[in-house]
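Enquirer: Residue numbers (the working numbering), protein chains in the order written: chain A, 122 to 264; chain B, 122 to 264. Beta carbons are placed, not taken as given, at the ideal position from N, Cα and C, and that holds for glycine. Handing you this structure, nothing more for now.
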DNA sequence: CTGCTTTTGATTATCATTTTCAATTTATCG
DNA sequence: CGATAAATTGAAAATGATAATCAAAAGCAG
């Protein structure tokens, strides 16, 4: 499925007349190899490890392309850094967000999803997506 | 209910040994008179209109106090500006958001809340608040 | 009032992100 | 193959929102 995403990006790039470069390949590889929500800084450090000489500006620019291409999504936490997360097919949007350390724990709960469907139906509402965020303190930050 | 909020802030201020100042009163009045999500800049302009000479720094500082006092909440949009919205007593955090007409339908579901508690407990997480947003089309926009 | 502490406003600093621009790289076409 | 035009890059500078600094002013207890 990593290949799928690479193909998706290439298709997007071709459609926009973008050129294929070593830097973009590298950044895409690194991004696809990450989990959770990565900040630009984190990504930049990883990219430097495998492709030294790549500038931050390029990382910033390329991430915006990924968003345009539908591969990534910006996530705003409260630490002043924009983070990027993968856009997955059939992904879930349910998170426990720790306001202490900004950790994010993802979860999925089928019962909650079903209840959402019921509620939507009751209001004649057609669901396209949803986001459930629970804020609080994670186990580490409580102690 | 505006008075309630003023009282709430005064109580908070008293508890923290904060002093009552003309600037804070003015900023609180202006904030309470706004709707939607206001940016610091917008607030600053309105404050200047009624209390000229108030500095931006004071507006920033005071808004953070409102958050601490539980009157306001930071909202991060994707325009690089932090906005503040009102925290209302007995407010619901569960919304059906219509992407067609921007209508917002509030709802509450006890079962979902309980499930959230269970999930949090399972992860050793202490819930402070939550937000559930279901995006889609409302009955009107579907037709 | 007096003295002590908080608050303020102006300025400066900080930090993430964006822009600029000359140099380089890529794709295209003869 | 080259040559050419267009896109891309990296380094550095610019930007813009927010935070920190600090001397002066204001609030408050005695």
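Can you confirm whether residue 204 (chain A), when its beta carbon is compared against all beta carbons of chain B, has any partner nearer than 9 Å?
Expert: False, the Cβ-Cβ gap to chain B never drops below 9 Å.
Enquirer: Assign residue 200 (chain A) to one of three DSSP states: helix, strand, or coil.
Expert: Coil, per DSSP.
Enquirer: Give me whichever residues DSSP pairs with residue 193 (chain A) in a beta bridge.
Expert: A:207
Enquirer: Indicate whether residue 207 (chain A) and residue 192 (chain A) have their beta-carbon atoms separated by less than 9 Å.
Expert: yes
Enquirer: Name, in chain order, the residues that DSSP records as bridge partners for residue 265 (chain A).
Expert: This structure cannot settle anything about residue 265 (chain A), because the visible part of chain A is limited to 122 through 264.
Enquirer: Compare the beta carbon distance of residue 149 (chain B) and residue 127 (chain B) with 9 Å and say whether it is the shorter of the two.
Expert: yes
Enquirer: Taking Cβ positions only, does residue 250 (chain B) come closer than 9 Å to chain A?
Expert: yes
Enquirer: Measure the alpha-carbon distance for residue 140 (chain B) versus residue 130 (chain B) and round it to whole angstroms.
Expert: 11 Å
Enquirer: Go ahead and pull the three-state DSSP assignment for residue 264 (chain B).
Expert: Looking at residue 264 (chain B) - three-state DSSP - the assignment turns out to be coil, as it is neither helix nor strand.
Enquirer: Compare the C-beta of residue 209 (chain B) against all C-beta atoms of chain A and say whether one is closer than 9 Å.
Expert: So, not an interface residue.
Enquirer: Going by DSSP, name the residue or residues bridged to residue 247 (chain A).
Expert: Beta-bridge pairing links residue 247 (chain A) to B:258.
Enquirer: Let me know the secondary structure DSSP gives residue 154 (chain A) once reduced to three states.
Expert: The three-state secondary structure of residue 154 (chain A), taken from DSSP, is helix.
Enquirer: Would residue 259 (chain A) count as contacting chain B if we go by Cβ distances under 9 Å?
Expert: yes
Enquirer: Could you say if the region 179-187 of chain A and the region 143-163 of chain A meet the contact criterion of at least three C-beta pairs nearer than 8 Å?
Expert: yes
Enquirer: Among the residues of its own chain, which have a CB less than 6 Å from the CB of residue 194 (chain B), if the five just before and after it don't count?
Expert: Only 206, 208 meet the Cβ criterion.
Enquirer: Only counting the same chain, and skipping five residues up and downstream in sequence, which positions put a Cβ closer than 6 Å to that of residue 218 (chain B)?
Expert: 225, 254, 256
Enquirer: Whole angstroms is fine: what's the gap from residue 247 (chain B)'s alpha carbon to residue 197 (chain A)'s?
Expert: 21 Å
Enquirer: Contact defined as beta carbons within less than 8 Å: I believe residue 124 (chain A) pairs with residue 160 (chain A). What is the distance between those atoms, to the nearest angstrom?
Expert: Incorrect: roughly 26 Å between the Cβ atoms, too far for contact.
Enquirer: Give the DSSP bridge partners of residue 161 (chain A), in chain order.
Expert: None; residue 161 (chain A) has no bridge partner.
Enquirer: Just the C-alpha distance for residue 137 (chain B) and residue 221 (chain A), rounded to the nearest angstrom, thanks.
Expert: 22 Å
Enquirer: For residue 184 (chain A), does the three-state DSSP call read helix, strand or coil?
Expert: helix
Enquirer: Could you compute how far the alpha carbon of residue 151 (chain A) sits from the alpha carbon of residue 158 (chain A)?
Expert: 13 Å
Enquirer: Which residue's Cα is closest to the Cα of residue 227 (chain A): A:199, A:259, A:187?
Expert: A:259
Enquirer: Can you round the beta-carbon distance between residue 237 (chain B) and residue 251 (chain B) to whole angstroms, since I take them to be within the 8 Å contact cut?
Expert: Correct: roughly 6 Å between the Cβ atoms.
Enquirer: I'd like to know whether the C-beta atoms of residue 223 (chain A) and residue 244 (chain A) end up nearer to each other than 9 Å.
Expert: no
Enquirer: Run through chain A and tell me which residues come within less than 7 Å of residue 237 (chain B), C-beta to C-beta.
Expert: In chain order: 255.
Enquirer: In whole angstroms, give me the CA-to-CA distance for residue 173 (chain B) and residue 166 (chain B).
Expert: Approximately 9 Å between the Cα atoms of the pair.
Enquirer: Using a Cβ-Cβ cut-off of less than 8 Å, list which residues of the region 214-232 of chain A approach chain B; keep chain order.
Expert: Against chain B - using a Cβ distance shorter than 8 Å - the residues of the region 214-232 of chain A are 217, 219, 220, 226, 228, 230, 232.
Enquirer: How about residue 247 (chain B): is its C-beta nearer than 9 Å to some C-beta of chain A?
Expert: yes
Enquirer: Please identify, using Cβ separations under 7 Å, the residues of the region 152-175 of chain B that lie next to chain A, in order along the chain.
Expert: none
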